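Trainee: Heads up, the final residue of the sequence shown is numbered 1092 in this note's numbering, and it's a clean run with no missing numbers.
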Amino acid sequence: MLLHVTHETRYEYAPPVETAQHLAHLKPLATGSQRLVSHLLTIDPPPAQRGELPDVYGNTRAFFALEATHDRLVVTAESVVDTSVPVLSDAIARELPWETVRERFRFRKDATFDAASEFVFPSPYVPRHDDFAAYARASFAPGRPTFDVAMDLTERMYRDFDYDADSTEINTPAVEALAQRKGVCQDFAHIMIACFRTLGLPARYVSGYLLTQPPPGQPRLVGADASHAWVSVYLPGESGDGDGGWADFDPTNGRQPGEDYVTLAIGRDYSDVSPMRGVLHGGARHTLSVGVTVQPVGEVVQLASQSQTQSTSQDKESP
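1. Which of the three DSSP states, helix, strand or coil, is assigned to glutamate 840?
2. Skipping 5 residues on each side, what residues in its chain have a beta carbon closer than 6 Å to that of glycine 1056?
3. Per DSSP, leucine 898 forms a beta bridge with which residues?
4. Please state the DSSP three-state secondary structure of alanine 999.
5. Out of Val810, Leu796 and Val948, state which residue places its alpha-carbon closest to the alpha-carbon of leucine 775.
6. Looking at the strands, I want to know which residues DSSP matches up with tryptophan 1019.
7. Please report the straight-line C-alpha distance between glycine 824 and tryptophan 871, rounded to a whole angstrom.
8. When you compare only the Cα positions, how much space is there between arginine 970 and tryptophan 1019?
9. Residues in its own chain within less than 6 Å of alanine 821 by CB, not counting five upstream and five downstream?
10. Per DSSP, what kind of secondary structure is serine 1080 in: helix, strand or coil?
11. Judging by CA-CA distance, which residue of Asp921, Val853 and Val847 is the nearest neighbour of valine 778?
12. What residue does the alpha helix (DSSP H) around threonine 971 start on, and which one ends it?
13. Can you tell me whether valine 1065 is buried or exposed? The criterion is at least 16 other CB atoms within 10 Å of its CB, across all chains shown.
14. Report the partner residues of methionine 1049 according to the DSSP bridge assignment.
15. Here's the rule I'm using: 16 or more other beta-carbon atoms within 10 Å means buried, otherwise exposed. How should valine 899 be labelled?
16. When you compare only the Cα positions, how much space is there between alanine 947 and threonine 792?
17. I'd like the list of long-range same chain contacts for arginine 834, defined as Cβ closer than 8 Å, with 5 residues on each side in sequence excluded.
18. Is alanine 1002 close to chain C, meaning its C-beta is less than 7 Å from at least one C-beta of that chain?
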């Protein structure tokens, strides 16, 4: 599926910002089920310096510096991504019990290093806590394969939790969101990751987008979508020598991501992949607005064609 994603971030500052340095994770990843066709990052006002580098997880991280006084900043990322349904590697041992996977990730002197082990440890937004283990236990039945555990936990969270954008803030602890059984996709991803890590299994945070369908007969609203977050769980192979792979699960929607998902970046938690962050001199107060639009490329082409037709018609009617 060819998807066109527009992600606009707009800051208004008072008083104006004198200088600023920013980092952005706004360029979609290339994965086994996703190909980046094009990407354009537009920054207004134009920065004095800009560039991009891969981070430790393979994400593309853009950086830019503004050295002139400004009272607003608009960053627009436009990407076209060719997506397909993710397929698990044949090397993955689908029936491996979760206890066996946990044992492989226990620390042992001189053990073979598996890169997935980095995602077993606590991180800034994902602590280990007994409350996560208590909630997770119903899914972690003895001898159950890790994939089945993840799917069951995904579906349970979908049933047990309410999506409520007003119930949490960006820095609300995951254990608090767990207690109140409500939050947003970021909270649900952190809770599910914490459940896995607390029980000794690797899981990571995925940021991206989800193609949402407008009501029947209604047009897709520009800027009405939002960025999304879900979870990636590691499934090792039979040998345990790093021959496994990652499978994605979305507890917010109770399903596995398909071709209607766009992966933006991966990390330990939100702190690794926040879309925008910066260090400012000035701008003590600011307002932030974010607009995301995810459309099939065919819709974008059709709208552009209609706009061109209307423009041509108006030109002909002008005296």
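We put the CB at the ideal spot given by N, CA and C, even for glycine.
Predicted model only: the values in this text are computed from it and were never measured.
Mentor: In short:
1. coil
2. The answer, listed in chain order, is Tyr786 and Val790.
3. Correcting the residue type first, residue 898 is tyrosine in the shown sequence and not leucine. Bridge partners of tyrosine 898: none, in fact.
4. coil
5. Val810
6. Note: tryptophan 1019 sits in a beta bridge opposite Tyr1007.
7. 42 Å
8. 15 Å
9. Ala838 and Glu840
10. Reliability fails at serine 1080, whose pLDDT of 46 lies under 50, so the model's placement of it is uncertain and the value that follows must be treated cautiously. Taken through DSSP and simplified to helix, strand or coil, serine 1080 comes out as helix.
11. That would be Val853, whose Cα lies nearest to the Cα of valine 778.
12. 958-971
13. buried
14. According to the DSSP secondary-structure assignment, methionine 1049 is paired through a beta bridge with Ala797.
15. It is buried - the Cβ of valine 899 has at least 16 other Cβ atoms within 10 Å.
16. 34 Å
17. Leu796, Ala797, His798, Glu825, Leu826, Pro827 and Asp828
18. Here there is only one protein chain, and chain C is not present.
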